[in-house]
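**Q**
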Amino acid sequence: EPEVTQTPSHQVTQMGQEVILRCVPISNHLYFYWYRQILGQKVEFLVSFYNNEISEKSEIFDDQFSVERPDGSNFTLKIRSTKLEDSAMYFCASRTPDTYYEQYFGPGTRLTVT
Amino acid sequence: AQSVTQPDIHITVSEGASLELRCNYSYGATPYLFWYVQSPGQGLQLLLKYFSGDTLVQGIKGFEAEFKRSQSSFNLRKPSVHWSDAAEYFCALNYGQNFVFGPGTRLSVLP
């Protein structure tokens, strides 16, 4: 069964450094999402992406965040200058145009900022 | 504003016992509701979803949920819990491009 994959599974970085989290959505999916889950807290929406542009973003998704689909398979989340409070699990999700409401989630990348 | 609450932070049940996890939502229109399960170190797996129609929906792993508009609830149930059901359970509401997740309920299962 096709699935969303994410790399790396765990990323440790120093405060102020740039990180790129990578996702490979399911191949026929056209809508892509990033979510964040701070340890012990609920999953929070960051951004949705379709047709090579951001569809919607939350208040969390400020100027230090960016997303990109650099090729036909990857979907990336970049954090330009990481802060301690960016430490969290980051989930990628994708869906087809047909399954409007059903998003398929990846296993997540745990980001630790020291 | 849209919101999802899960009143129980942590529930412990014995294996074989029945389970009900509570979920309440706030949304002005017809909600699209979901239950996801997250095992330790894993991603989110969809258990079931409600869009419209029959208010009792069946999902994977023997789970079901009942949508009650009058109570703004979408509670998850399972008649007999297995040890492998121990995990974090999230109720979620979809609106537009977004999902709003509840804070989650951690389920522990006693042997």
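Residue numbers (my numbering), protein chains in the order written: chain A, 1 to 114; chain B, 1001 to 1111. For every residue, glycine included, the Cβ atom is placed at its ideal position computed from N, Cα and C.
(1) When the distance is taken between beta carbons, is G1043 (chain B) closer than 7 Å to F45 (chain A)?
(2) Could you have a look at Q1002 (chain B) and say whether DSSP puts it in helix, strand or coil?
(3) So with Cβ pairs under 7 Å, would you call N1075 (chain B) a contact of chain A?
(4) Which whole-angstrom value describes the C-beta separation of T82 (chain A) and V113 (chain A), a residue pair presumed to lie in contact below a C-beta threshold of 8 Å?
(5) Specify the secondary structure class of I1060 (chain B) as computed by DSSP and reduced to three states.
(6) Can you list the residues of chain A that P945 (chain B) reaches, using a CB-CB cut of under 8 Å?
(7) On a Cα-Cα basis, can you pick out the residue from A:I20, A:I60, A:Y50 and A:P25 that is closest to I38 (chain A)?
(8) At a CB-CB cut-off below 9 Å, which residues of chain A make contact with N1024 (chain B)?
(9) Taking D1059 (chain B) as the query, report the chain A residues whose CB atoms sit under 7 Å from its CB, ordered along the chain.
(10) For chain A, find out if any of its Cβ atoms is closer than 7 Å to the Cβ of P1031 (chain B); answer yes or no.
(11) Determine whether the Cβ of F1067 (chain B) lies closer than 7 Å to any Cβ atom of chain A.
(12) Between the beta-carbon of Q943 (chain B) and the beta-carbon of V1100 (chain B), is there less than 7 Å?
(13) Could you round the C-beta distance between V1081 (chain B) and V1109 (chain B) to whole angstroms and report it? I think they count as a contact, below 8 Å.
(14) Taking the continuous beta strand (DSSP E) assigned at T7 (chain A), which residues delimit it?
(15) My guess is that A1065 (chain B) and L1048 (chain B) are in contact by the Cβ rule of under 8 Å, so how many angstroms apart are they, rounded?
(16) Would you say L1033 (chain B) and L1076 (chain B) are within 7 Å of each other, going by their C-beta atoms?
(17) With a threshold of 7 Å between beta-carbons, can F75 (chain A) be considered close to chain B, or not?
(18) Any residues in the stretch 102-113 of chain A with a beta carbon nearer than 9 Å to a beta carbon of chain B? Which ones, in chain order?
(19) Three-state secondary structure (DSSP) at E1015 (chain B)?
**A** Well, looking at it:
(1) Here residue 45 (chain A) refers to the residue found at position 45 when the first sequence is read from its first residue. Here residue 1043 (chain B) refers to the residue found at position 43 when the second sequence is read from its first residue. No Cβ-Cβ contact shorter than 7 Å links F45 (chain A) with G1043 (chain B).
(2) Taking the second sequence and counting its residues from 1, one reaches residue 1002 (chain B) at position 2. Residue state, collapsed to three classes: coil.
(3) Position 75 of the second sequence holds residue 1075 (chain B). No - not a single Cβ of chain A is within 7 Å of the one on N1075 (chain B).
(4) Position 82 of the first sequence, counted from the first residue, corresponds to residue 82 (chain A). Position 113 of the first sequence, counted from the first residue, corresponds to residue 113 (chain A). About 5 Å; that satisfies the 8 Å criterion.
(5) Position 60 of the second sequence, counted from the first residue, corresponds to residue 1060 (chain B). Note: I1060 (chain B) maps to helix in three-state DSSP.
(6) Residue 945 (chain B) lies beyond the residue range present for chain B, which begins at 1001 and ends at 1111; the question has no answer from this structure.
(7) For the purposes of this step, residue 38 (chain A) is taken as residue 38 along the first sequence, with counting starting at 1. Checked all of A:I20, A:I60, A:Y50 and A:P25; the closest Cα to I38 (chain A) is A:I60.
(8) As a position in the second sequence, residue 1024 (chain B) is number 24, starting the count at 1. Within chain A, no residue comes near N1024 (chain B); the closest Cβ sits about 14 Å away, beyond 9 Å.
(9) Here residue 1059 (chain B) corresponds to residue number 59 of the second sequence, with the count starting at 1. With the sequence shown as reference, residue 1059 (chain B) is identified as Gly, and Asp is not the correct amino acid for it. The contacting residues do not exist; G1059 (chain B) stays about 12 Å from chain A at best.
(10) Taking the second sequence and counting its residues from 1, one reaches residue 1031 (chain B) at position 31. It does not; no Cβ of chain A falls within 7 Å.
(11) Along the second sequence, one-based indexing puts residue 1067 (chain B) at 67. No, no contact with chain A.
(12) Residue 943 (chain B) lies beyond the residue range present for chain B, which begins at 1001 and ends at 1111; the question has no answer from this structure.
(13) Within the second sequence, residue 1081 (chain B) is the residue found at index 81, counting from 1. Within the second sequence, residue 1109 (chain B) is the residue found at index 109, counting from 1. In this structure V1081 (chain B) is in contact with V1109 (chain B), their Cβ atoms being roughly 6 Å apart against a cut-off of 8 Å.
(14) One-based indexing of the first sequence puts residue 7 (chain A) at position 7. First-last of the beta strand (DSSP E) with T7 (chain A): T5 to T7.
(15) As a working mapping, residue 1065 (chain B) is identified with position 65 in the second sequence. As a working mapping, residue 1048 (chain B) is identified with position 48 in the second sequence. Confirmed, about 6 Å.
(16) Along the second sequence, read from residue 1 onward, the residue named residue 1033 (chain B) stands at position 33. Along the second sequence, read from residue 1 onward, the residue named residue 1076 (chain B) stands at position 76. Not in contact: L1033 (chain B) and L1076 (chain B) (Cβ atoms no closer than 7 Å).
(17) As a first step, residue 75 (chain A) is located in the first sequence; it is residue number 75 there, counting from the start. Chain B, which has no Cβ nearer than 7 Å to the Cβ of F75 (chain A), makes this no.
(18) So the close ones are E102, Q103, Y104, F105, G106, P107, G108 and R110.
(19) Here residue 1015 (chain B) refers to the residue found at position 15 when the second sequence is read from its first residue. Note: E1015 (chain B) maps to coil in three-state DSSP.
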